[in-house]
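Report on one structure; see the data block that follows.
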Amino acid sequence: MRGPALDSSTSMSSNTDVSLSSYDEGQGSKLIRKAKEAPFVPIGMAGFAAIVAYGLYRLKSRGNTKMSVHLIHMRVAAQGFVVGAMTLGMGYSLYKEYWAKPKP
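Have a look at this one:
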């Protein structure tokens with residue numbers, strides 16, 4: 167058995183009043199909004215970029231250290247910074263949600 171026939175003037179969904187304001191948001195304003203929601207994410211990204219830039223700078227003067235050892239050290243340092251920033255961000259989020267909330 168088939169459902170009721172729809173002509174071209176009938177809409178298939180009655181929920182067509184969906185707000186599309188989030189889709190009108192530009193990339194810069196979206197990044198700023200996300201940074202305000204989770205401030206440690208841009209800190210982690212900046213720290214990662216700084217460690218990678220420092221590693222590339224130090225690549226010339228690494229002495230007799232093998233290239234693979236130098237790259238592993240830089241990878242571990244960058245990952246450690248990002249994991250640390252994520253951990254601090256989670257702690258900050260928990261603090262904001264559970265301890266800094268005003269009591270009703």
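FYI, in this note's numbering the residues of the sequence shown are 167 to 270. All residues carry an ideal CB built from backbone N, CA and C; glycine is no exception.
{"query": "Look up Arg224 in the DSSP assignment and say whether it is helix, strand or coil.", "result": "helix"}
{"query": "Please return the same chain residues whose Cβ sits closer than 8 angstroms to the Cβ of Leu237, not counting the five positions on each side in sequence.", "result": "Gly221"}
{"query": "In angstroms with no decimal places, state the Cα-to-Cα distance between Lys196 and Thr231.", "result": "43 angstroms"}
{"query": "Take Ser259 and list the residues in its own chain whose beta-carbon comes closer than 8 angstroms to its own, dropping the five residues that flank it on each side.", "result": "Ala204"}
{"query": "To the nearest angstrom, how far is it from the Cα of Met233 to the Cα of Phe247?", "result": "21 angstroms"}
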